[in-house]
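**Q**
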Amino acid sequence: MEFRLLGEVGARTDTGPVELGPARQRTVLAALLMTANRPVTVDRLADRVWGDGPPQRATQTLYSYVSRLRRLLPGVITRGQGGGYVLTADESAVDVHRFRQLLGPARQCDDDARAVTLFRQALELWRGEPFPGVDTPWFNATRETLRKEQWAAELDCTDLRLRTGEHTALLTPLSERSAAHPLDERLAAQYMLAAYRCGRQADALAHYRHLRDMLAEELGIDPGPELQRLHRAMLGGPEPVPPPAPNGNSHRHRTQSGRVPLDPPVPTAAGPTGVRRTHRNGPAHRGGTDRPCRRTGRRVRLSRRRQEHARRAPRPPAAYRFPRRPVVRAPGGQQRPAA
Numbered sequence: 001m002e003f004r005l006l007g008e009v010g011a012r013t014d015t016g017p018v019e020l021g022p023a024r025q026r027t028v029l030a031a032l033l034m035t036a037n038r039p040v041t042v043d044r045l046a047d048r049v050w051g052d053g054p055p056q057r058a059t060q061t062l063y064s065y066v067s068r069l070r071r072l073l074p075g076v077i078t079r080g081q082g083g084g085y086v087l088t089a090d091e092s093a094v095d096v097h098r099f100r101q102l103l104g105p106a107r108q109c110d111d112d113a114r115a116v117t118l119f120r121q122a123l124e125l126w127r128g129e130p131f132p133g134v135d136t137p138w139f140n141a142t143r144e145t146l147r148k149e150q151w152a153a154e155l156d157c158t159d160l161r162l163r164t165g166e167h168t169a170l171l172t173p174l175s176e177r178s179a180a181h182p183l184d185e186r187l188a189a190q191y192m193l194a195a196y197r198c199g200r201q202a203d204a205l206a207h208y209r210h211l212r213d214m215l216a217e218e219l220g221i222d223p224g225p226e227l228q229r230l231h232r233a234m235l236g237g238p239e240p241v242p243p244p245a246p247n248g249n250s251h252r253h254r255t256q257s258g259r260v261p262l263d264p265p266v267p268t269a270a271g272p273t274g275v276r277r278t279h280r281n282g283p284a285h286r287g288g289t290d291r292p293c294r295r296t297g298r299r300v301r302l303s304r305r306r307q308e309h310a311r312r313a314p315r316p317p318a319a320y321r322f323p324r325r326p327v328v329r330a331p332g333g334q335q336r337p338a339a
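Position one of the sequence shown corresponds to residue 1 (my numbering), numbered consecutively onward.
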């Protein structure tokens, strides 16, 4: 039997899909599947399903849902110790667990082609939004975690595909992703690299300038050192254009002990989506000046380069300036503007 959570909650046997009943009953099944082969108490299960707004007879309602699921899925859900429930299933038969199982070997594999195949198998398990229509704190947090894992897998797979020369096929998808995530520096580096290798150096450099301006205006920071190094290489600097590991952390990054971590390393100066974080006293802010943001109205801190650009901006012609009114000296030594 196979279970699906990366999209509509469902179950399938050799004879076809299983009708799982109403939406709340499918939510109970999803809560048990996320912790398959581990007991879940009734109170914790009720908290996952209803959050802060359980019905008056939540325990009895939960018993009813579980009883129906046990009839639909014989031998899958059993009573656990302490009055809870345990859903017994092969984790490879649950798409969310299968997704995580494939990511580990993909990040450890030394063969780029094999790693790309594993990443694609993992990403193909996604059929849509996890737990659609379910709005409880536990499911919302779990959904957000799964989204981040999917995004990290997509970026890692893209790095490998760029390394194997698939820049032409990736150019259009990377352009669309960059438009959806304009402040993601790792994604920007991937798009710049694909455009550069497709002979579109002007587009790559224009994208860097656009990102640099957005980071300065929105966050008051400059692009990270890896992205700046890639930009200098594309300008024909002394450094060659690097291979696609734009955030400085490839999927086969090794620790000091020589072991390969299962999860992708997170840089200390970058957020989960590749947007660098900064502090008010950090290097990006030293010597800057507070300015109101034109889009949000909040005050941001401009770097020295942005200040220099503002100082060198051309002044409007004299015809468009307000003329100075002459000042005359009144009796008593006081000054006042002329009428």
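Where is the CB? At the ideal position from N, CA and C, for every residue including glycine.
Please state whether the Cβ-Cβ distance between residue 54 and residue 46 is less than 8 Å.
**A** yes
**Q** Taking the runs of the beta strand (DSSP E) that are 3 residues or longer, which of them lie wholly in the stretch 81-111?
**A** 85-87
**Q** Please classify residue 40: does DSSP put it in a helix, a strand, or coil?
**A** strand
**Q** So, residue 187 versus residue 215, is the Cβ gap smaller than 8 Å?
**A** no
**Q** Quick one, which of 150, 190, 30 has its alpha-carbon nearest residue 50's?
**A** 30
**Q** Taking 8 Å as the cut-off, decide whether the C-beta atoms of residue 223 and residue 211 are in contact.
**A** yes
**Q** Does the contact criterion of 3 or more C-beta pairs under 8 Å hold for the stretch 15-28 versus the stretch 104-114?
**A** no
**Q** If you drop the 5 nearest sequence neighbours on each side, which residues of the same chain put their C-beta closer than 7 Å to that of residue 102?
**A** 118, 121, 122
**Q** Span of the alpha helix (DSSP H) holding residue 78?
**A** Not the alpha helix (DSSP H): residue 78 falls in the beta strand (DSSP E), residues 77-79.
**Q** Might you give, ordered along the chain, the residues of its own chain that have their beta carbon closer than 6 Å to the beta carbon of residue 9, omitting 5 neighbours on each side?
**A** 26, 30
**Q** Since residue 17 sits in a beta bridge, which residues does DSSP pair it with?
**A** 12
**Q** Looking at the structure shown, is residue 131 part of a helix, part of a strand, or coil, going by DSSP?
**A** Residue state, collapsed to three classes: coil.
**Q** DSSP three-state call for residue 229: helix, strand or coil?
**A** helix
**Q** Buried or exposed: residue 226, going by 16 or more other Cβ atoms within 10 Å of its Cβ?
**A** Around the Cβ of residue 226, a 10 Å sphere holds 16 or more other Cβ atoms; the residue is buried.
**Q** To the nearest whole angstrom, what separates the beta carbons of residue 94 and residue 36, a pair I think is in contact under 8 Å?
**A** 6 Å
**Q** Would you say residue 194 and residue 174 are within 8 Å of each other, going by their C-beta atoms?
**A** For residue 194 and residue 174, yes; Cβs fall inside 8 Å.
**Q** Residue 87 and residue 77: beta carbons closer than 8 Å?
**A** yes
**Q** Go ahead and pull the three-state DSSP assignment for residue 144.
**A** helix
**Q** Name the residue from 43, 69, 217, 189 whose alpha carbon lies nearest to the alpha carbon of residue 233.
**A** 189
**Q** Can you tell me which of 139, 236, 34 puts its alpha carbon nearest to the alpha carbon of residue 372?
**A** The displayed coordinates of the chain run from 1 to 339. Any statement about residue 372 would go beyond what the structure contains.
**Q** Hey, quick one: how far does the alpha helix (DSSP H) through residue 209 stretch, first residue to last?
**A** 201-218
**Q** Mapping the DSSP letters down to three states, classify residue 2 as helix, strand or coil.
**A** It is a strand residue.
**Q** Roughly how many whole angstroms lie between the Cα atoms of residue 129 and residue 145?
**A** 12 Å
**Q** Go to residue 167, then tell me how far its alpha helix (DSSP H) extends in each direction, as first and last residue.
**A** 167-180
**Q** Look at the alpha carbon of residue 15 and the alpha carbon of residue 1, and state the distance between them as a whole number of angstroms.
**A** 10 Å
**Q** Going by C-alpha distance, which of 42, 17, 83 is nearest residue 72?
**A** 17
**Q** Excluding the 5 residues flanking residue 7 on each side, which residues of the same chain have their C-beta closer than 6 Å to its C-beta?
**A** 127, 128
**Q** Using DSSP with H/G/I as helix, E/B as strand and the rest coil, what is residue 54?
**A** Looking at residue 54 - three-state DSSP - the assignment turns out to be coil, as it is neither helix nor strand.
**Q** Going by the CB atoms, is the gap between residue 136 and residue 68 shorter than 8 Å?
**A** no
**Q** Mind checking whether residue 42 and residue 104 have CB atoms under 8 Å apart?
**A** no
**Q** First and last residue of the alpha helix (DSSP H) that includes residue 32?
**A** In the DSSP assignment, residue 32 falls within the unbroken alpha helix (DSSP H) covering 23-34.
**Q** 8 Å is my cut-off, CB to CB: does residue 184 come that close to chain D?
**A** No chain D appears in the structure shown, which is made up of a single protein chain.
**Q** Under 8 Å, do residue 196 and residue 178 count as touching if we go by C-beta distance?
**A** no
**Q** What does a CB cutoff of less than 8 Å around residue 207 pick up in its chain, not counting 5 residues either side in sequence?
**A** 178, 188, 191, 192, 195
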